[in-house]
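Undergrad: Residue numbers for the sequence shown follow this note's numbering, beginning at 138 and rising by one.
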Amino acid sequence: MAGNFPPQSFPHVGTIVTALWYRFIGQCNGLLAACLRLVVQKPPFKHSELNHNANEIRLLRILPQPRNGLTSALRTMAIRCEVFTATLDDSPSYDALSYTWGLPTCPHFPILLNGRKFLARENLWLALYQIQNTTGPVVIWIDAICVDQENVPERDHQVRKMKAIYEQASRVVVWLGPSWRQSKRAFKLAHEVNDHRGERDWITQRFLRPDMPRSLKALGDLFCRDYWNRIWIVQELTVARHIVITCGGDSIEGDVLLRVQELILEEDYTKNLFGMTIPDDQYTQSALKVRGPSEVQTWRDDSLIKDLSLFHWALYHFRRQSTDPKDKLYGLVGLASTSRIEIDYSLSTAEVYTRFARNEILASTELCIVPQVRPHLTALDIPSWVPDWSLKNTNHFFLQTVLETNFNFTASGETRSEITFSTDGKVLVTKGVTIGSVQAFGTPPEMNQALYLDMAADMFYKNWQLMSTLSGAQQLDQEAFARTLVCGKILEDRIGNETLSTFCQKMLGGFAELFMEMYPSRVLDSILREHAMSIHANHRQDAQATNVPYDAAAESIVWRSWVQFSVAVTWDRRFFLSTEGTMGVAPESSLEGDVICIPLGCPHPMILRRDDDHYIIIGEAFVDGYMYGEAMELLEKGKLELRDFELH
Numbered sequence: 138m139a140g141n142f143p144p145q146s147f148p149h150v151g152t153i154v155t156a157l158w159y160r161f162i163g164q165c166n167g168l169l170a171a172c173l174r175l176v177v178q179k180p181p182f183k184h185s186e187l188n189h190n191a192n193e194i195r196l197l198r199i200l201p202q203p204r205n206g207l208t209s210a211l212r213t214m215a216i217r218c219e220v221f222t223a224t225l226d227d228s229p230s231y232d233a234l235s236y237t238w239g240l241p242t243c244p245h246f247p248i249l250l251n252g253r254k255f256l257a258r259e260n261l262w263l264a265l266y267q268i269q270n271t272t273g274p275v276v277i278w279i280d281a282i283c284v285d286q287e288n289v290p291e292r293d294h295q296v297r298k299m300k301a302i303y304e305q306a307s308r309v310v311v312w313l314g315p316s317w318r319q320s321k322r323a324f325k326l327a328h329e330v331n332d333h334r335g336e337r338d339w340i341t342q343r344f345l346r347p348d349m350p351r352s353l354k355a356l357g358d359l360f361c362r363d364y365w366n367r368i369w370i371v372q373e374l375t376v377a378r379h380i381v382i383t384c385g386g387d388s389i390e391g392d393v394l395l396r397v398q399e400l401i402l403e404e405d406y407t408k409n410l411f412g413m414t415i416p417d418d419q420y421t422q423s424a425l426k427v428r429g430p431s432e433v434q435t436w437r438d439d440s441l442i443k444d445l446s447l448f449h450w451a452l453y454h455f456r457r458q459s460t461d462p463k464d465k466l467y468g469l470v471g472l473a474s475t476s477r478i479e480i481d482y483s484l485s486t487a488e489v490y491t492r493f494a495r496n497e498i499l500a501s502t503e504l505c506i507v508p509q510v511r512p513h514l515t516a517l518d519i520p521s522w523v524p525d526w527s528l529k530n531t532n533h534f535f536l537q538t539v540l541e542t543n544f545n546f547t548a549s550g551e552t553r554s555e556i557t558f559s560t561d562g563k564v565l566v567t568k569g570v571t572i573g574s575v576q577a578f579g580t581p582p583e584m585n586q587a588l589y590l591d592m593a594a595d596m597f598y599k600n601w602q603l604m605s606t607l608s609g610a611q612q613l614d615q616e617a618f619a620r621t622l623v624c625g626k627i628l629e630d631r632i633g634n635e636t637l638s639t640f641c642q643k644m645l646g647g648f649a650e651l652f653m654e655m656y657p658s659r660v661l662d663s664i665l666r667e668h669a670m671s672i673h674a675n676h677r678q679d680a681q682a683t684n685v686p687y688d689a690a691a692e693s694i695v696w697r698s699w700v701q702f703s704v705a706v707t708w709d710r711r712f713f714l715s716t717e718g719t720m721g722v723a724p725e726s727s728l729e730g731d732v733i734c735i736p737l738g739c740p741h742p743m744i745l746r747r748d749d750d751h752y753i754i755i756g757e758a759f760v761d762g763y764m765y766g767e768a769m770e771l772l773e774k775g776k777l778e779l780r781d782f783e784l785h
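1) Under three-state DSSP, which class holds G721?
2) Here's a check: name, in chain order, each residue in its chain whose Cβ is nearer than 6 Å to the Cβ of A473, leaving out the five neighbours to either side.
3) In whole angstroms, what separates the C-alpha of I277 from that of A233?
4) On the CB-based measure, 16 or more other CB atoms within 10 Å of its CB, does H454 come out buried or exposed?
5) Just to confirm the assignment: which complete beta strand (DSSP E) runs, minimum length 3, are found wholly within the segment 735-779?
6) DSSP puts S388 in a beta bridge; with which residues?
7) Under the rule that 16 or more other beta-carbon atoms within 10 Å means buried, what is K774, buried or exposed?
8) Cα-Cα, which of I194, F648, V760 is closest to K300?
9) Which of the three DSSP states, helix, strand or coil, is assigned to G569?
10) Contact between the segment 714-734 and the segment 482-500 is defined here as three or more beta-carbon pairs at a separation below 8 Å; is this criterion met?
11) Smallest Cα separation from R217: which of D358, Y236, P241, G252?
12) Is the beta carbon of L736 less than 8 Å from the beta carbon of S521?
13) CB-CB under 7 Å to Q434, same chain, minus the five flanking residues each way: which ones, in chain order?
14) Could you tell me which of I268, R620, Q178 sits nearest to W312, measuring between CA atoms?
15) Report buried or exposed for P244, applying the criterion of at least 16 other Cβ atoms within 10 angstroms of its Cβ.
16) From this set, W601, K563, L771, W365, which residue's C-alpha is nearest S490's C-alpha?
17) Provide the residue(s) that pair with V575 in DSSP beta bridges, ordered along the chain.
18) Along the chain, where does the beta strand (DSSP E) containing R258 start, and where does it finish?
19) Can you give me the start and stop residues for the alpha helix (DSSP H) that C283 sits inside?
20) Going by DSSP in three states, L645 sits in which element: helix, strand or coil?
21) Name, in chain order, the residues that DSSP records as bridge partners for R198.
22) If you draw a straight line from the C-alpha of L777 to the C-alpha of A758, how long is it?
23) Would you grab the beta carbon distance between P290 and P201 for me? Rounded to a whole angstrom, and I think it's under 8 Å.
24) Would you tell me roughly how many angstroms separate the C-alpha atoms of G766 and D750, rounded to the nearest one?
25) Thinking C-alpha only, which one of D227, D525, M653, S352 is nearest I401?
26) Could you tell me the distance, in whole angstroms, from the CA atom of R318 to the CA atom of L356?
27) In whole angstroms, what separates the C-alpha of D444 from that of T475?
28) Alpha carbon to alpha carbon, how far is I389 from D525?
29) Does K183 pass the burial test, meaning 16 or more other C-beta atoms within 10 Å, or should it be called exposed?
30) Assign S235 to one of three DSSP states: helix, strand, or coil.
31) Between C384 and L425, which are expected to be in contact by the criterion C-beta below 8 Å, what is the C-beta distance as a whole number of angstroms?
32) Per DSSP, which one or two residues make a beta bridge with T224?
33) Any contact of the segment 235-243 with the segment 361-368, i.e. 3+ C-beta pairs under 8 Å?
34) For D332, which of helix, strand or coil comes out of DSSP?
35) What three-state label does DSSP hand V623 in the structure shown?
36) Using only CA atoms, which one of A594, I664, K626 lies nearest to P657?
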């Protein structure tokens, strides 16, 4: 009997769908063979051709479960659907499904399409199983079914239409996956809070209930499901008219869940209650603040984001995932003001990424795309000047600085790039200047260092010791060291009325104080000890002068946040000292002797490695004193020389 099941149906006996199948087998007995003939042994479904000139798409009609003539178990498993064509020009009425595909190796289960067999991946099968429980047929667009995935030209054409498909859908149905006890708790809380919104006393009492921490954690877990990491949801939800979020048999309107999230976090009285309820659960606090509907709303509302090019969209969402790495770009084309890319699934991932990088460079007077490369991490056969968008654990800290604070670097001043490409398009030649080479390195962050302040404090002190030793304790430029700690992200609103010098000294004191707290048995040098003692003395004097009580604990929290930020922006990087005596932060894979170059039109210095007669890019760098066009001024004065760099 087992031989009648399709390949890949049951590799994991513990899955939900497999359990349903076995329950079905146990209940059906004599009807098992009939069921297998009904579904498994049907001839495979074949897509008919679409008329692209008529703006045609396919739609899926999910039929309700039959109420008569079949046993309960047989009805459960026989998901029956009809596929038909429609033209977007006629504005048909339909929903669109937004969901996670899952890996190609995940279990596949049969459904009936126009009376023929179609194998659906597990998560899609579960969504269909849930939808068919409604009382009537449901018309919906689902990419895995409505697009012939084996027909590459059709796939190219239909993906170009996906923005319009989701824009015209009556609803976008978000499928988060099967429900669990915790997800049901989350939906229950959301509905309760929404039903009683405006009732301050009720909300307060709800927050004070013993089960509230578990309910908030359940809601945070809901916002951390794999679905929210998909690249495709950015387009699907940004353009959606109306969003419905479903998880198993539970559902809620997207705007309702957003209101609940805002109420929990933004009302003055609930903000305090929220902090009191889960004071130590940073995971849940972060999830509820920045994930889920709240994050989606920023895409839907932010006009600045909507004007971004494909390059900037890709940078903004580089952490998101896709089954096909080409979709890290293709999935955002519909949203971009300019894309400079043609959707073509017949190309390899390396070809797509290389063409996009080359077109972006040729169309721009700036080399903004080059600093985003990570050649030491990529497994693709691409030139070192091409970013690998498929990388999962990269940290574009300069990009984050720009997006989060509107603070940009202009290492090459107002110069424009001067670029040529080889005939095959794989070699890039750019003009630029060198500002020295890497001489010595500090301590790189450890794998989990961003989560532990003691490791961050240790890294700070080791870098201080190295730079002090190389520079001489009295000659070390302390302000430069402080700026390098945070890659130059010292903004005027953080400094206030203080001078930059005073603020940098206080920053060093804050870092030093944290080190003493984390390592009380270790001895700081006299300079850092003096900074650590001075920050509290100065603030106590300010407090006495203004009659405002001094809060040492609050002051400590401020410096802890700077330490955490320092580790975040220097992740996968380490301190270095150049042959010219400047400090900076370079990719961890950099080596002594690597060249520090500023290409014309490039906002950041680049670390290059010589290889015979050419160079490869190692990555971008922060170099104190060279982030705002200083090298170009030296070039104009004849103190630096413009030369060609051949990049492979």
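Backbone N, C-alpha and C define an ideal beta-carbon position, used for all residues, glycine too.
TA: Well, looking at it:
1) strand
2) S446, L447, W450
3) 5 Å
4) buried
5) Qualifying beta strand (DSSP E) stretches, in chain order: 743-748, 751-757.
6) T383
7) exposed
8) Taking only the C-alpha atoms, the option nearest K300 is I194.
9) strand
10) no
11) The shortest C-alpha separation from R217 is found at G252.
12) In the sequence on display, residue 736 carries Pro and not Leu. Contact flag unset, no.
13) L395
14) For the residues I268, R620, Q178, the minimum Cα distance to W312 belongs to I268.
15) buried
16) According to the sequence displayed, residue 490 carries Tyr and not Ser. Taking each of W601, K563, L771, W365 in turn and checking the Cα distance to Y490, the smallest one comes out for K563.
17) S715
18) R258 -> beta strand (DSSP E) spans 253-258.
19) 280-283
20) helix
21) R198 pairs with E219, V276.
22) Taking the straight line joining both Cα atoms gives about 19 Å.
23) The pair is not a contact, with the Cβ atoms about 35 Å apart (cut-off 8 Å).
24) Cα-Cα distance, rounded: 28 Å.
25) Closest option to I401, Cα to Cα, is S352.
26) Answer to the nearest angstrom: the Cα atoms are 12 Å apart.
27) 9 Å
28) 37 Å
29) exposed
30) If DSSP states are grouped into helix, strand and coil, S235 belongs with the strands.
31) Incorrect: roughly 16 Å between the Cβ atoms, too far for contact.
32) E193
33) yes
34) helix
35) coil
36) A594
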